[in-house]
Amino acid sequence: MKQTICRQNHRPAVRPSSLLAACAAGAVAMLLTGCAGDTSTFNPNEMARVARARASENSTPDMRPLPERLVSPFLPPATQPATRPSFSPASRPSSFDSPVRRLSLRDIVHSAVANNADVRVAAYDPAIKQAQVLESEAAYDLRFFTQFQYVSQDNLQPTAVVPGLNPFGSGLVHFQSIQGQTGLRQDLPTGGKAELRYQADQFDRSGPGFRRPPLPPDPFWTNELALQVTQPLLQNFGSPANQARIGIARNNQKVSMLDFRLALEKNLAELEKLYWQLVQAEQEVKIRENLLNASSGTAQKLKDRIGAPGTTNSEVSQANAAVASRQADLVRTRSQVSDLSSQLKAKMNDPDLPVSSAVLILPADVPIDSPIHFNTEEQIQTALTFRAELSQQQLKISNAEITVGAAKNNLLPKLDLVGTIGVQGLGQDYHAVVKDQGRFDFIDFTIGFQLEIPLGNREARAIYTRTQLTRLQAIQQYRGLIDQVSLEVDMALREVNTTWNEMAATRQARIAAEDALRRFEETERIRQPEISPAFINTKLDLQSRLGEEQRREITAIATYNIAISALERAKGTLLRYDNVTLEEDTQPYEDAPKTFKPLFPWHFGK
1 MKQTICRQNH RPAVRPSSLL AACAAGAVAM LLTGCAGDTS TFNPNEMARV ARARASENST
61 PDMRPLPERL VSPFLPPATQ PATRPSFSPA SRPSSFDSPV RRLSLRDIVH SAVANNADVR
121 VAAYDPAIKQ AQVLESEAAY DLRFFTQFQY VSQDNLQPTA VVPGLNPFGS GLVHFQSIQG
181 QTGLRQDLPT GGKAELRYQA DQFDRSGPGF RRPPLPPDPF WTNELALQVT QPLLQNFGSP
241 ANQARIGIAR NNQKVSMLDF RLALEKNLAE LEKLYWQLVQ AEQEVKIREN LLNASSGTAQ
301 KLKDRIGAPG TTNSEVSQAN AAVASRQADL VRTRSQVSDL SSQLKAKMND PDLPVSSAVL
361 ILPADVPIDS PIHFNTEEQI QTALTFRAEL SQQQLKISNA EITVGAAKNN LLPKLDLVGT
421 IGVQGLGQDY HAVVKDQGRF DFIDFTIGFQ LEIPLGNREA RAIYTRTQLT RLQAIQQYRG
481 LIDQVSLEVD MALREVNTTW NEMAATRQAR IAAEDALRRF EETERIRQPE ISPAFINTKL
541 DLQSRLGEEQ RREITAIATY NIAISALERA KGTLLRYDNV TLEEDTQPYE DAPKTFKPLF
601 PWHFGK
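Mapping of the sequence shown onto the numbering used here: residues 1 to 606, in sequence order.
Here is the structure:
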């Protein structure tokens, strides 16, 4: 932490409010700038410790058993056992006579994983990011280079024989050279550069003084085999400064893999929701078919009794209106089945079942209506371990820490070591120059240092402060994600328990509606009461009430299954729940402390 010193001026009066304001401003500045120097190690386990510990405070509510008989404080105990939903297929689930194909949820999930358009598009991103990792690593690949050049020069220059310059050509020197160079270059992980080159030159000089000894005869050859190394000693030294791009690219590739996983989880969650809604819609068709048949039966009885005491066309018209209304409801419900079937086909993207096909997809699975007990603490602990968003944020923090390391290195002055060593040769022809070089009579080397110190170094300091603040921001985002994940699991778990209790209540309501209609029909058979509009209204209302309670029960069962799927998604385990395997790295956070657990405790395979 930087220290903020408040100095008092030698003025005769200082207002206390001004002094307090100055100290407050200094505290804010210290918070925003001084605390940016906090380089404590990020430990995700420690950050989630409080959330994991407090998760044990949550009680796991018990799921009351579903009713098996009519239980009411207003009626004597029923002896007749309650019926369970049959989930039998509807006689005609669609408004059109389409071929039907029943599929299990497992078959639909596997088809969607293999063929879904959104999933296939998202699958390209990890491969693209992997290619970017190779691009970053390719910066350290060995490079071969070669070059060739021919030089021809005419120079006026004095010589030992002709010390003066003659503008008419007596001091004119003609110089020709042919140069060939080849070698290898490589950037080093330590920040340096190495170059091994071989250079051969042929020179041909003509002019005053170049044909006399001790000068070599023209043309002559020279060659050189040299090794040159440039190595930073302070700034840009080491892997934190030079391999940051590779580390960030690797983390981004893992983030992209997690993005693909999130896209797949989202698609599967929507798919399961559609599937159970389709189960609900088909059962609603069956319920409305039964309700229509009951209404039609009532209308037919009334028609057959026209002319009997108390039965007129008025009662028949009343029943006929109910039949027409329920026919309209059935048409709409059948249309909903077709819509959900088309949406499932769009999610699956199966080439054998395109959206344009006439095949009607219907569910083959029966929804779960048995209790599944989830321990609240265990669910939160699981979510804090498996959620992809937490893994992604850890990788982003890792990127921020890599960037901080590179920025910290840039605070140092530039001090580079430059060294060259070479072996030279001289001869009248190429064979001679190679032989002369092999004797190692001419060994040259140079060594030197290059120093550069930016005065003030404001840019590097500003970059370092910015990277530290970015890292702290990412850590705070991770803290917020912990709370968000805990909230989502808490709400999803509450929805599971709520829908279970709702399912128990709706089943009791459906049993009561069945009992009310059964008692009314028994009264009708025994007493044969006078048929009146009130009687018809009562019977039609009881039939409608039973259908409504059956629909509410089916809706609660479907919602219960959707809630279970939503809970698995909130925990980050939906893929395991659906038996879908991904290939993921098991150690995405490379700079974590040794006590840090892998982000993916299970192996997807590699």
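Note that the Cβ used here is the ideal one computed from N, Cα and C, for glycine as well. The structure presented is a predicted model; accordingly, all values stated were derived computationally and were not measured.
For this session: Using DSSP bridges, identify the partner residues of residue 203.
Result: 177, 220
Problem set entry | Span of the alpha helix (DSSP H), counted from its first residue to its last, around residue 440 | Here residue 440 belongs to no alpha helix (DSSP H), and DSSP marks it neither H nor E.
For this session: Just grab the DSSP bridge partners of residue 154 for me.
Result: Note: residue 154 sits in a beta bridge opposite 174.
Exercise. If you draw a straight line from the alpha carbon of residue 239 to that of residue 148, how long is it in whole angstroms?
Worked result: 35 Å
Exercise. Quick one: Cα of residue 580 to Cα of residue 114, how far?
Worked result: 11 Å
Exercise. What does DSSP give as the partner residues of residue 146 in its beta bridges?
Worked result: 182
Problem set entry | CA-to-CA distance, residue 347 to residue 54, given in whole angstroms | Computed Cα separation, rounded: 39 Å.
Exercise. Are residue 285 and residue 374 close, meaning C-beta to C-beta below 9 Å?
Worked result: no
Problem set entry | Delimiting residues of the alpha helix (DSSP H) encompassing residue 416 | Annotation: residue 416 is outside any alpha helix (DSSP H); the continuous beta strand (DSSP E) that includes it extends over 414 to 427.
Exercise. Mapping DSSP to helix, strand and coil, what is residue 100?
Worked result: When secondary structure is reduced to three states using DSSP, residue 100 falls in the strand class.
Exercise. Would residue 487 be called buried (16 or more neighbouring beta carbons within 10 Å of its own) or exposed?
Worked result: exposed
Exercise. How is the alpha helix (DSSP H) around residue 44 delimited, first residue to last?
Worked result: Following the DSSP letters along the chain, one finds residue 44 inside the alpha helix (DSSP H) bounded by residues 44 to 47.
Problem set entry | Neighbourhood of residue 256 by C-beta distance below 7 Å, restricted to the same chain and skipping five residues each side | 125, 126, 129
Problem set entry | Nearest-angstrom beta carbon gap, residue 288 and residue 329 [assumed within contact, 8 Å] | 6 Å
Exercise. For residue 448, which three-state DSSP category applies?
Worked result: strand
Exercise. Among 444, 471, 370, which one has its Cα closest to the Cα of residue 67?
Worked result: 370
Problem set entry | Buried/exposed call for residue 518, threshold 16 Cβ in 10 Å | exposed
Exercise. Tell me which same chain residues have a C-beta within less than 8 Å of the C-beta of residue 132, skipping the five on either side of it?
Worked result: 249, 252, 253
Problem set entry | DSSP-derived helix/strand/coil call for residue 376 | DSSP places residue 376 in helix when its eight states are reduced to three.
Exercise. Per DSSP, what kind of secondary structure is residue 243 in: helix, strand or coil?
Worked result: coil
Exercise. Under a three-way DSSP split, which group does residue 230 fall into?
Worked result: strand
For this session: Taking the CB atoms as reference points, tell me whether residue 436 and residue 427 lie closer together than 9 Å.
Result: Contact flag set, yes.
Exercise. To the nearest angstrom, how far is it from the Cα of residue 45 to the Cα of residue 52?
Worked result: 9 Å
Problem set entry | residue 581 CB to nearest heavy atom of the ligand FAD below 8 Å | Of the ligands one can find in the structure shown there are none, so the ligand FAD has no counterpart to examine.
Exercise. So the beta strand (DSSP E) residue 363 belongs to, where does it begin and stop?
Worked result: 360 to 363
Exercise. Three-state secondary structure (DSSP) at residue 68?
Worked result: Per DSSP, reduced to three states, the secondary structure at residue 68 is coil, with no helix or strand assignment.
Exercise. Measuring CB to CB, does residue 395 end up less than 9 Å from residue 460?
Worked result: no
For this session: For the stretch 531 to 547 and the stretch 465 to 477, state whether three or more C-beta atom pairs, one from each stretch, are separated by less than 8 Å.
Result: no
For this session: Starting from residue 140, trace the alpha helix (DSSP H) both ways and give me its first and last residue.
Result: Taken as a continuous stretch (DSSP letters only), residue 140 belongs to no alpha helix (DSSP H), as it is neither H nor E.
Exercise. For residue 197, does the three-state DSSP call read helix, strand or coil?
Worked result: strand
Problem set entry | Beta-carbon proximity of residue 677 to residue 562, cut-off 9 Å | The question about residue 677 has no answer, for the chain in this structure spans 1 to 606.
Problem set entry | Assumed close pair residue 510, residue 543 - CB separation to whole angstroms, cut-off 8 Å | Incorrect: roughly 13 Å between the Cβ atoms, too far for contact.
For this session: Run the CB neighbour count on residue 464, radius 10 Å, all protein chains shown included, and call it buried at 16 or more, exposed below.
Result: buried
For this session: Return the CA-CA distance between residue 122 and residue 333, expressed in angstroms with no decimal places.
Result: 35 Å
Problem set entry | Pair within 9 Å by beta-carbon distance, residue 185 and residue 142 | yes
Exercise. Where does the unbroken alpha helix (DSSP H) through residue 116 begin, and where does it stop?
Worked result: Segment: none, residue 116 is in no alpha helix (DSSP H) and carries neither H nor E.
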